[in-house]
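Numbering (our numbering), first residue to last: 10 to 178.
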């Protein structure tokens, strides 16, 4: 079956380098291109699961619980879409519920593997062998949002502010 490349990138990051921030980045772009504005999209649910794990690993338990619950609730609306994306919803839901219980109980971060069909499992395993599956996740991935270069974002925001002020005048 043919899957969107951005979705495959999401899966590879989720399983190989556990770069949940990058999972968010690649799938958000795809969502904005294919289903913009639909906050109940299966893509949003998957993005929120990745973001929840990002917060969980950084010990932001309240943020992790909040976003994982949102993502789980969205995914509950899309069992057929998940199946067409090669994810076993009947196995995914208990994994997410167990993760939520662990977070609330104060259990340290534990990664999960999404329950994928055989084709996607093999693809992820193959890609992990190519790029290397990380046993120890570097700080550059764990704290990615805090360490990234945001100069372009800051510049664009300043330009937008100047443009808005010009329009008011």
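All residues carry an ideal CB built from backbone N, CA and C; glycine is no exception.
The C-alpha of residue 88 is placed about 28 Å away from the C-alpha of residue 114. In this structure, the straight-line span from the alpha carbon of residue 167 to that of residue 97 is close to 45 Å.
Cβ-Cβ separation between residue 94 and residue 12: approximately 7 Å, consistent with a contact (criterion under 8 Å). Contact annotation: residue 123 and residue 101 have beta-carbon atoms nearer than 8 Å. If you look at residue 57, you'll find it in the alpha helix (DSSP H) that goes 51-66. Rounded to the nearest angstrom, the gap between the Cα atoms of residue 67 and residue 48 is 25 Å. Excluding its 5 nearest sequence neighbours in each direction, residue 58 has C-beta neighbours in its own chain below 6 Å: 80, listed in chain order. According to DSSP, residue pairing for residue 96 in a beta bridge involves 125.
Here residue 38 is exposed: its Cβ has fewer than 16 other Cβ atoms, across all protein chains shown, within 10 Å.
Taken through DSSP and simplified to helix, strand or coil, residue 44 comes out as coil. Annotation: residue 112 to residue 178 spans about 50 Å, alpha carbon to alpha carbon.
Note that the C-beta distance between residue 64 and residue 133 is not below 8 Å.
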